[in-house]
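Put into structure tokens, the structure is as follows:
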């Protein structure tokens, strides 16, 4: 007599990278990555809405910083072959915002959205270059802060982060 064994779903998903190598990814990690990407997108929208309520004119920044040449270059667009769409919002920082100070001058800032509020090493270098080149007056890092059942956006000036850098 043979006992039926339950079909066990595989733990990994195979995919092929740009160079044609097979890469095994854990299905649990794929699921958590999808959730993180979705919650990051939702938080970006919340930050944009918050800035607009505070009187800022906000737009998606579509440029990036070349660390070798230390200059601004157009951000590369990413193509998703499965959804057959082009991803445009890959610039650094995420947003450019400007606000009329007096009748004829504007304050221009860059806003990078991070749920945990932490910038990577490359991102810190990019921020330093943007401030040195006077592309932005200041760069703010938006962080998600939970208070009871509400989510609040907290902004940190990059100059404060730069002071703490080694």
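Residue numbers (this note's numbering): 317 to 482. All residues carry an ideal CB built from backbone N, CA and C; glycine is no exception. Here the structure is a predicted model, which means the values were calculated and not measured.
Step through the CB atoms of chain C and report whether any lies within less than 8 Å of the CB of residue i.
i: residue 432; result: Included in the structure is just one protein chain, with no chain C present.
For residue i, which residues of its own chain have a beta-carbon under 7 Å away from its beta-carbon, when the five flanking residues on both sides are left out?
i: residue 388; result: 379, 381, 451
i: residue 377; result: 407, 409, 410, 411, 412, 426
i: residue 433; result: 457, 459, 472
i: residue 444; result: 478
Roughly how many angstroms lie between the CA atoms of residue i and residue j, to the nearest whole one?
i: residue 358; j: residue 458; result: 13 Å
i: residue 341; j: residue 347; result: 11 Å
i: residue 426; j: residue 474; result: 10 Å
i: residue 354; j: residue 431; result: 12 Å
i: residue 435; j: residue 352; result: 16 Å
i: residue 414; j: residue 367; result: 10 Å
i: residue 349; j: residue 477; result: 27 Å
i: residue 383; j: residue 420; result: 33 Å
i: residue 449; j: residue 455; result: 13 Å
i: residue 418; j: residue 424; result: 13 Å
i: residue 488; j: residue 453; result: There is no way to answer for residue 488, as the model of the chain reaches only from 317 to 482.
i: residue 422; j: residue 481; result: 29 Å
i: residue 464; j: residue 345; result: 28 Å
i: residue 386; j: residue 437; result: 15 Å
Under a Cβ-count criterion, where at least 16 other Cβ atoms within 10 Å of its own Cβ denotes burial, should residue i be classed as buried or exposed?
i: residue 484; result: The requested residue 484 is not part of the displayed model; the chain covers only 317 to 482.
i: residue 442; result: buried
i: residue 330; result: exposed
i: residue 336; result: exposed
i: residue 361; result: exposed
i: residue 446; result: buried
Once you ignore the five residues that flank residue i on each side, which residues in its own chain have a CB closer than 8 Å to its CB?
i: residue 356; result: 429, 431
i: residue 364; result: 374, 411
i: residue 333; result: 339
i: residue 439; result: 408, 428
From the DSSP output, read off the bridge partner residues of residue i.
i: residue 451; result: None; residue 451 has no bridge partner.
i: residue 468; result: 461
i: residue 411; result: 376, 427
i: residue 331; result: 339
What does a CB cutoff of less than 6 Å around residue i pick up in its chain, not counting 5 residues either side in sequence?
i: residue 461; result: 468, 470
i: residue 343; result: 329
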